[in-house]
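Chains as they are written, first to last, in our numbering: chain A, 1 to 113; chain B, 114 to 232.
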């Protein structure tokens, strides 16, 4: 069964450092997303990506965040200068069209120290 | 504005009890989609069901059933004869509109209900 894969599963970084979270969405999917879940809280939408550009973003997705699909398979989330409050589980998701089931990766737990 | 409310923060039941998880949503769109996801202690998000706004038929899948009522903007989830393996956080989510209306399909999640099933 096709699945979304994320790497690494856990990353610890120092405050102020840049991190890149990686995702490989399902190959024939067209819509890609990043979500964030701070420990014990709800899952929050960060950004959607369609046709090689950002299609929608939330208030959380400020200038320190960026996304890329550099090679047609990987989908990355970059946080330029991490803060303590960026510590969270980050989920990548993809689907084939709007309104269909979004397939989620297993998440990357980011810990900023 | 779109919103999903799961008023029950935590529910604890004994194995074999039935349990219903409530979900109330708000949206101005006439086309929308509702979802339930399960998040077990291992942390991944597992898709359970999807419903579109034009299909109010209730659904049963094994021990799981869903009751979608547009009149009350609710999409409730019932587990019959609960088992310890059902212990997880359950999220209800809403996706508004369709592609032609400009929607990008992002999900708006409720805060989740933590279900604990004790043996």
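Where a beta carbon is used, it is the ideal one built from N, C-alpha and C, also for glycine.
Min CB distance residue 61 of chain A to chain B below 9 Å: no
As a quick exercise: from B:155, B:188 and B:135, pick the residue whose alpha carbon is nearest that of residue 9 of chain A. B:155
Could you name the residues of the same chain whose beta carbon sits closer than 6 Å to that of residue 129 of chain B, not counting the 5 residues immediately before and after it, in chain order? 194
Could you tell me whether the segment 146–161 of chain B touches the segment 191–210 of chain B, where touching means 3 or more Cβ pairs closer than 8 Å? yes
Would you say residue 203 of chain B faces chain A, with C-beta separation under 9 Å as the test? no
If you follow the beta strand (DSSP E) that residue 181 of chain B is in, where does it begin and where does it stop? 177–182
Beta carbon of residue 105 of chain A, beta carbon of residue 23 of chain A: below 9 Å? yes
Who are the near neighbours of residue 107 of chain A in its chain, counting only those whose CB is closer than 7 Å to its CB and skipping five residues on each side? 6, 89, 90 and 91
Residue 39 of chain A - partner residues in DSSP beta bridges: Paired residues: none, contrary to the question.
Going by DSSP, what residues sit across from residue 93 of chain A in a beta bridge? A:33 and A:104
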